[in-house]
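Following the working numbering, the numbering of the sequence shown begins with 6 at its first residue and continues without gaps.
Each residue gets a CB set at the ideal place from its N, CA and C atoms; glycine is no exception.
Here is the structure we will look at.
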Amino acid sequence: MRDLNVRLQKLERAIRPQQHRKVRQFAIEGSKGLPLEAAEAFLRECGHVIKDEDHNIIRIIIGAENGRPVDLPLKDITARCGR
Numbered sequence: 006m007r008d009l010n011v012r013l014q015k016l017e018r019a020i021r022p023q024q025h026r027k028v029r030q031f032a033i034e035g036s037k038g039l040p041l042e043a044a045e046a047f048l049r050e051c052g053h054v055i056k057d058e059d060h061n062i063i064r065i066i067i068g069a070e071n072g073r074p075v076d077l078p079l080k081d082i083t084a085r086c087g088r
């Protein structure tokens with residue numbers, strides 16, 4: 006039973022949001038299926054500080070034409086659409 010409690014505590018710590026975490030929101034234009042790592046790298050290149058300890062929300066805006074997704078060139082639109 007002790008082992009179960011230890012495991013549950015580890016899971017709770019992993020899913021419970023930490024009090025000191027900042028929530029940061031970013032927005033970029035890009036391609037459908039852009040990997041998270043690529044989006045983070047692009048934002049860093051644009052001068053944003055992205056920390057793993059923060060809760061980072063990255064919105065990737067894609068285009069649409071005739072109801073189908075269209076890839077857009079990478080563009081940082083955080084100042085216009087982020088918070």
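Residue i to residue j span [Cα, whole Å]
i	j	result
LEU16	ASN71	45 Å
GLU45	ALA32	11 Å
VAL75	ILE65	12 Å
CYS51	GLU58	20 Å
DSSP three-state assignment for residue i, whether helix, strand or coil
i	result
ASP8	helix
ASP20	Residue 20 is actually Ile in this sequence, not Asp. Helix, per DSSP.
LYS80	strand
LEU13	helix
LEU39	coil
Residue i - partner residues in DSSP beta bridges
i	result
ARG85	DSSP output for ARG85 lists no bridge partner at all.
GLN30	ILE62
GLY90	There is no way to answer for residue 90, as the model of the chain reaches only from 6 to 88.
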